[in-house]
Amino acid sequence: MFNRIMVPVDLAHVDKLERALRCASDLAQHYSATLVYVGVAAATPGSVAHTPQEFAQKMADFAAEQGRARGVAAEGLALTSHDPTTDLDPTLLKAIEETGADLVVMASHVPNLTDYIWPSNGGTVAKRASVSAMVVR
Amino acid sequence: MALKPPLMELPIKTADDGFYKGFAKLVTITGKLLVGALILWAVAFPEQSGAVLSGINSVILATFNYWYIVVMAFFVAVCLILAVLPASGRLKLGHHEDKPEFSNFSWFSMMFGAGIGIGMLTFATAEPLYHWGSNPSTIQGLTAGSSAENVREAYVWSFTHWGLAAWAAYAIVGLSLAYFSYRRDLPLTIRSALVPIFGRSLSGTTGHVVDVVAVVATVLGVSQTLGFGVEQFVSGLSRIGFGDWLYTATEDGGQKMSTMAIVTALVVIMGASTLSALSGVGKGIKWLSNINMGLSFFILAFFLVFGSTFFGLQALVLGIWDYIISIPGNILTVWSPVPMDAFMASVPAAAQALSPEDLATVYGSATSPWGSLQSFTEGLPAAAASLSEADIAATYAAATDSRLSGWQGAWSIFYWAWWIAFAPFVGVFLARISKGRTVREYVLGAIVIPAFMCFVWFAIVGGTAIDLELNGGADGAIVGAGQSDQLFAMLAFMLSENLAWIMSVIVVILLLTYLVTSADSAVLIINTINAAGDEGPKARPHILFWGAALALVVGGLIVAGGLSAIQTAMVIGALPFSVVMVLMGISVLKAIWRDSRREKAGVPATSAHLAASRASIPTDQVVAEP
Chain A
1 MFNRIMVPVD LAHVDKLERA LRCASDLAQH YSATLVYVGV AAATPGSVAH
51 TPQEFAQKMA DFAAEQGRAR GVAAEGLALT SHDPTTDLDP TLLKAIEETG
101 ADLVVMASHV PNLTDYIWPS NGGTVAKRAS VSAMVVR
Chain B
138 MALKPPLMEL PIKTADDGFY KGFAKLVTIT GKLLVGALIL WAVAFPEQSG
188 AVLSGINSVI LATFNYWYIV VMAFFVAVCL ILAVLPASGR LKLGHHEDKP
238 EFSNFSWFSM MFGAGIGIGM LTFATAEPLY HWGSNPSTIQ GLTAGSSAEN
288 VREAYVWSFT HWGLAAWAAY AIVGLSLAYF SYRRDLPLTI RSALVPIFGR
338 SLSGTTGHVV DVVAVVATVL GVSQTLGFGV EQFVSGLSRI GFGDWLYTAT
388 EDGGQKMSTM AIVTALVVIM GASTLSALSG VGKGIKWLSN INMGLSFFIL
438 AFFLVFGSTF FGLQALVLGI WDYIISIPGN ILTVWSPVPM DAFMASVPAA
488 AQALSPEDLA TVYGSATSPW GSLQSFTEGL PAAAASLSEA DIAATYAAAT
538 DSRLSGWQGA WSIFYWAWWI AFAPFVGVFL ARISKGRTVR EYVLGAIVIP
588 AFMCFVWFAI VGGTAIDLEL NGGADGAIVG AGQSDQLFAM LAFMLSENLA
638 WIMSVIVVIL LLTYLVTSAD SAVLIINTIN AAGDEGPKAR PHILFWGAAL
688 ALVVGGLIVA GGLSAIQTAM VIGALPFSVV MVLMGISVLK AIWRDSRREK
738 AGVPATSAHL AASRASIPTD QVVAEP
């Protein structure tokens, strides 16, 4: 039913993503799909990586390690954005087309009052994406 | 000594968990304590703190006048030399293959955006008007104040204060940050710029001190901006018709902002900026910046069409010409006050015969930069009134240097301190958008474009005000209004009542969005510095803290001692950062010189070269040096 599952990840907060990562790999096993981990970072030196090249390497390593640990086929994709906080949603939506994904699995928090002012990234992607999206809360 | 690759790793310890997760604890907490102490002092002892700060204002300005003038000249020199020299001008702020992150168009637009800050709304009208009334030429008796011949002088000084020097100060911070961040992969935070001087020790106390100094300077620099902004905001509210409660009468018959008005303005401004900062770097700021740009160009277009276009354009062209010619003569000029005994020795014999008390009074009024020969003559003590006209003029002339020095302290030195306090903030932004540019491109883009934008505003908006006073029959209606009210007074004079009201509302909205964007980006930059250069941490409690702290610093100091209290606090707060900036200048010169030698010797100078050479030689032979 699904061939490529896109999983947006923030390498600075992998500890908070466990539920989404497990859900994605379970689905990937079930449908024999390939997982595509997508990360977005600015071009400036940050806590995760100093350069876009280093960031791409880290995403590839992360994907390889996840694929081995969970026994599924996995790829990593590193995207650069001028301002990840503002541009995250459009960047992820573009990544869906770029990766040819037919399902997005991403982590999000439980909506609360502030979501009326600042919608969550997961919520926005689910609303705008043309493919199926699963938001793991 | 064999050349080695430079230091390319600068770990800064940040907390792994808890309240300060992602922040360098020592930097953050020290910054908070220092700012907290200032607030406590201003709020708990308003009278004492107000008196102390206002009292030492002139002392500080007079003591550090040489320092501020010389360091600003140094920043201009470093930027221009690096841009002009072929070897340094073509160096890239990034690795060899890096392309500029932003297209030329968006890069220029962002530079424009940085160029039209909040100061434009207050000072584009106020400053040319002030200088038109009095400036060093009128003080020396070379031109007459408020006359047609004084217009060009007014623009020389307006452009001096908002021109190359201001932007060179921002550019030097941005240049050194971008150089080390993009070529050596160091974190984009203030301390990285000093690596060639202090090396590894920047991971420890030295680095913490540098960052704390930058945070304190930013808080006080932005407070100064907010202080002017609050004053003008209240003025605007009063023009629009929000009521009489905004002002209270003072004992000497004047009026000042009521505490209620200050509190209301700060709650609105800081509430909105904190909400915007909480929404993350971009969402709030991006939206507000678009409003800023739109409204700014609307107002500029309004003055171009309905203002004194020809007068303004003439002021622009002549002003830029006069300004450029004046730079070599002005840039290092420092005026020192004439001490009382030197003054007494140089006045004519008839004046020396006065009693010591009368002479002290004469000295006091002759040294005031805000007087004129006429007001000096009228204010002479009874015993001195019999002096001949020539003796009075000679007595007044004996104190010319004191008046010049007083003028320079209140204008140039104050501005230099303000630009320095603002430099960590604007510098980080300039560095952030300039990856992949060459040094020459960067210096020209970061200095020439924003300065030109300021000149256009000053010439068109300020020119309209001067023209209305000079030829349009305003008859003091604009000059006579307070600094914060002059833009509104000009609109009221130019337009019918209803139109003036609509334009005033637009100005107030623009003012509000400017203040909000300035304050919220300041809060985000402070958090970035505290987080060792990481834009990432979502730290809502810290954003709330700095938002509230800024409001309290501004409110506390205005209530305690008015804008001059903020000014003094800012001039003191900028001082340590001016030292950091001089070190930044030296450090970028040293790095560029050494990197060019490294390149000749084939030693890796950037992290990309280092990575490439590591692939071919065993890693234990590559030892970094500072």
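Protein sequences appear in the order of chains A and B.
Going by my numbering, the first residue of the first sequence is number 1, and it counts up by one from there.
Going by my numbering, the first residue of the second sequence is number 138, and it counts up by one from there.
Don't be surprised by glycine CBs; every beta carbon is placed ideally from N, CA and C.
Every value quoted in this text rests on a predicted model; they were computed, and no experiment measured them.
By the rule that beta-carbons nearer than 8 angstroms mark a contact, Lys572 of chain B touches chain A.
Between Ala659 of chain B and Phe551 of chain B, the gap from beta carbon to beta carbon reaches 8 angstroms or more. According to DSSP, residue pairing for Met134 of chain A in a beta bridge involves A:Val105.
In this structure, DSSP gives Lys16 of chain A a helical state, which the three-state scheme calls helix.
Residue ranges of uninterrupted beta strand (DSSP E) with 3 or more members are absent from the segment 144-228 of chain B; none lies entirely inside it. When DSSP reads this structure, Val36 of chain A sits in a beta bridge with A:Met6, A:Glu75.
As a beta-bridge residue in DSSP terms, Thr385 of chain B pairs with B:Lys393. Distances from the alpha-carbon of Asn202 of chain B to those of B:Gly173, B:Asp235, B:Ser539, B:Ala611 put B:Ser539 closest. For Glu238 of chain B, the residues of chain A that pass the 7 angstroms Cβ criterion are Ala43, His82, in the order they occur in the chain. Here the alpha carbons of Glu234 of chain B and Asn194 of chain B stand approximately 50 angstroms from one another.
For Lys423 of chain B, the residues of chain A that pass the 9 angstroms Cβ criterion are Asp83, Thr86, in the order they occur in the chain. Ala697 of chain B sits in a helix when the DSSP states are folded into three classes. For Leu325 of chain B, no alpha helix (DSSP H) encloses it, and the DSSP letter there is neither H nor E. Here the alpha carbon of Ile276 of chain B sits roughly 40 angstroms from the alpha carbon of Val725 of chain B.
At a beta-carbon threshold of 7 angstroms, the residues of chain B lying near Thr51 of chain A are Asp322, ordered along the chain. For the set B:Met407, B:Ala220, B:Phe249, the Cα lying nearest the Cα of Ile680 of chain B is the one of B:Met407. Annotated three-state conformation of Thr504 of chain B is coil, per DSSP. In the displayed model, Thr470 of chain B falls within coil according to three-state DSSP, outside both helix and strand. Ala41 of chain A has A:Thr80 as its beta-bridge partners, per DSSP. Around the C-beta of Arg574 of chain B, 16 or more other C-beta atoms lie within 10 Å, and the residue is accordingly described as buried.
Per the coordinates, the alpha-carbon of Arg577 of chain B lies some 36 angstroms from the alpha-carbon of Val38 of chain A.
At a cut-off of 8 angstroms, the C-beta of Ser120 of chain A has no neighbouring C-beta in chain B. For Leu325 of chain B, a Cβ of chain A is located within less than 8 angstroms of the residue's own Cβ. Beta-carbon to beta-carbon, Gln361 of chain B and Met631 of chain B are separated by about 29 angstroms, too far to satisfy the 8 angstroms threshold. Between Ala101 of chain A and the set A:Leu35, A:Thr124, A:Gly123, the nearest pair of CA atoms involves A:Leu35. Residue environment analysis places His30 of chain A among the exposed positions, since fewer than 16 neighbouring C-beta atoms fall within 10 angstroms of its C-beta. Out of B:Ala503, B:Ser318, B:Ser375, B:Leu607, the CA that lies nearest to the CA of Gly449 of chain B is found in B:Leu607. For the pair Trp304 of chain B and Ile584 of chain B, the CB atoms are nearer than the 8 angstroms cut-off. Within 9 angstroms of the CB of Glu234 of chain B, no CB atom of chain A is found; the nearest one sits about 10 angstroms away. Against chain A, the beta carbon of Ser473 of chain B has no neighbour under 9 angstroms; the closest one sits roughly 45 angstroms away.
Fully contained in the segment 438-483 of chain B are the following alpha helix (DSSP H) runs of length 4 or more, in chain order: 446-467, 477-483. With a 10 Å radius around the Cβ and a threshold of 16 neighbouring Cβ atoms, Ala285 of chain B comes out exposed. Annotation: Phe559 of chain B to Arg70 of chain A spans about 51 angstroms, alpha carbon to alpha carbon. In chain order, Thr44 make up the part of chain A whose C-beta sits under 8 angstroms from the C-beta of Arg569 of chain B.
When rounded, the separation of the alpha-carbon atoms in Ala188 of chain B and Asp154 of chain B is 43 angstroms. Put simply, the backbone Cα of Phe249 of chain B is about 10 angstroms away from that of Phe242 of chain B.
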